[in-house]
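Engineer: The structure that follows is given in the form of structure tokens.
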Amino acid sequence: MENVTIINHPLIQHKISILRDKKTGTNEFRSLIEEIAMLMGYEALRDLPVEDVQVETPIETCMTPMISGKKLAVVPILRAGLGMVNGILALVPSAKVGHIGLYRDETTHEPHEYYCKLPTPIELRTIVVTDPMLATGGSAVAAVDFIKEHGGRNIKFMSIIAAPEGVKRLRDAHPDIQLYIGHLDRCLNENAYICPGLGDAGDRIFGTR
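My numbering applies: residue 6 is where the sequence shown begins, and numbers increase by one.
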């Protein structure tokens, strides 16, 4: 699929399998989400721009590459997306963090915004939107809509588990963004949950029901 990267690294797949297990507790689940986000971030950020800078080593002065331009922006979709932020910050500690708050209507399954705060200047940053689950795609499309309305252009979307329906909806609405997915699952059920999935990621990260 164009603009879609499924990261099938054995470490990621192994950790996703533990996430799926209903016996995996909150603490381990939360740690695994961070670890998977860091492993996925390594791949998703491989095209960050770099520039040569002068550094003095213990031996001599040399020109060596460092990340250039405005700092990365990580924008989690609240609340489950928060679980992935520290994994990416472990790779790029200087990244700025924004937040987009959405809630899903239990009847229509459509998203509604209640909060949007983005680092500036957002139009000059590489933006990584995080949400562990890409289900219907409604929240993902809305989040990218909001970022573009604020001037964001270079956008990547990172999700640990995705349904084909959500991937299609996000690609159709925003064909210019790059998607990074840990595993593409089978389908959505009648309640718009991913199958086989892992349940409600937000509840499992934060220990709520």
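Note that CB positions come from ideal geometry on N, CA and C, so glycine has one too.
Keep in mind the model is a prediction, meaning the values are calculated, not measured.
Quick one: Cα of Leu229 to Cα of Ile64, how far?
Structural biologist: Here the chain covers residues 6 to 214 and nothing more, so residue 229 does not appear.
Engineer: Please say whether Leu129 and Ala168 have beta carbons closer to each other than 9 Å?
Structural biologist: Cβ atoms of Ala168 and Leu129: not closer than 9 Å.
Engineer: Since Pro201 contacts Arg191 with CB under 8 Å, what's their CB separation in whole angstroms?
Structural biologist: At roughly 7 Å, the Cβ-Cβ gap stays under 8 Å, so Pro201 and Arg191 are in contact.
Engineer: Nearest CA to the CA of Asn194: which residue from Glu48, Lys27 and Leu203?
Structural biologist: It is Leu203.
Engineer: Using the rule of at least 16 other Cβ atoms within 10 Å of the residue's Cβ for burial, across every protein chain shown, is Lys173 buried or exposed?
Structural biologist: By the 10 Å Cβ count, Lys173 comes out exposed.
Engineer: Short check: CB of Ile21 to CB of His188, under 9 Å?
Structural biologist: Cβ distance < 9 Å, so Ile21 and His188 count as in contact.
Engineer: Can you give me the C-alpha to C-alpha distance between Asn13 and Met43, rounded to a whole angstrom?
Structural biologist: In a straight line, the C-alpha of Asn13 is about 14 Å away from that of Met43.
Engineer: If you measure between the beta carbons of Ala49 and Lys76, is that distance less than 9 Å?
Structural biologist: Cβ atoms of Ala49 and Lys76: not closer than 9 Å.
Engineer: Start and end of the beta strand (DSSP E) containing Asp57?
Structural biologist: Note, Asp57: beta strand (DSSP E), Val55 to Glu61.
Engineer: Run the CB neighbour count on Gly92, radius 10 Å, all protein chains shown included, and call it buried at 16 or more, exposed below.
Structural biologist: So Gly92 ends up on the buried side.
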